[in-house]
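Report on the structure given below.
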Amino acid sequence: MLLRRYIGRKLADYYAQPQNRVVGKNPEEIALKSLLGEWHWRRVYQRLYDTQEGQWLTPVELFQPYYSAIFANFCAVEASQHNTDFEIVELGGGRGTNASC
0 MLLRRYIGRK LADYYAQPQN RVVGKNPEEI ALKSLLGEWH WRRVYQRLYD
50 TQEGQWLTPV ELFQPYYSAI FANFCAVEAS QHNTDFEIVE LGGGRGTNAS
100 C
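So the sequence shown is numbered by numbering that gives the first Met the number 0: it starts at 0 and just counts up by one.
As structure tokens, this is what we get:
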């Protein structure tokens, strides 16, 4: 079998999966202020991956609602500094969480 066909089949299988099997969902907000250090973060992070159905989590899923708030603040500051209008289009392999925040 040609490598390109093998890769093509694997990608087709991956993209044919239901969304919840690919991108996980964080069921609750992580209380970042309560973490006791890197070891604690790693423990919480590992527990998330062990208990979720998806294969991976996006930064928006991990750090909601903080990630979206920081992104929105950045956009607002940039728009006011450059006195320009712009549109934000969210593209990617996630669940659209950022757009819904």
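Backbone N, C-alpha and C fix where the C-beta goes; we use that ideal spot for every residue, glycine too.
Reference residue i, options the options, closest by Cα
i, options, result
"R46", "G23, V59 and Y66", "G23"
"Y13", "W55, V76 and Y66", "W55"
7 Å Cβ shell around residue i - same chain, five flanking residues per side excluded
i, result
"P89", "The residue asked about is misnamed: residue 89 is Glu in this sequence, not Pro. G95, N97 and A98."
Contacts around residue i, its chain only, beta-carbon distance under 8 Å, and the 5 residues preceding and following it disregarded
i, result
"D84", "A78"
"C74", "F85 and I87"
Between the CA atoms of residue j and residue i - distance to the nearest angstrom
i, j, result
"E86", "P64", "21 Å"
"G92", "R20", "12 Å"
"H39", "K32", "11 Å"
"P17", "G53", "10 Å"
Closer than 8 Å to chain B by CB, residue i
i, result
"W55", "Structure shown: chain B not included; a single protein chain is present."
Distance between beta carbons of residue j and residue i, contact taken as under 8 Å
i, j, result
"N25", "E60", "5 Å"
"L34", "V43", "7 Å"
>> Going residue by residue through the stretch 1–76, where are the continuous alpha helix (DSSP H) segments of at least 4 residues, counting only ones entirely within it?
In response: Listed in chain order, the complete alpha helix (DSSP H) runs (minimum 4 residues) inside the stretch 1–76 are 2–14, 18–21, 37–50 and 58–61.
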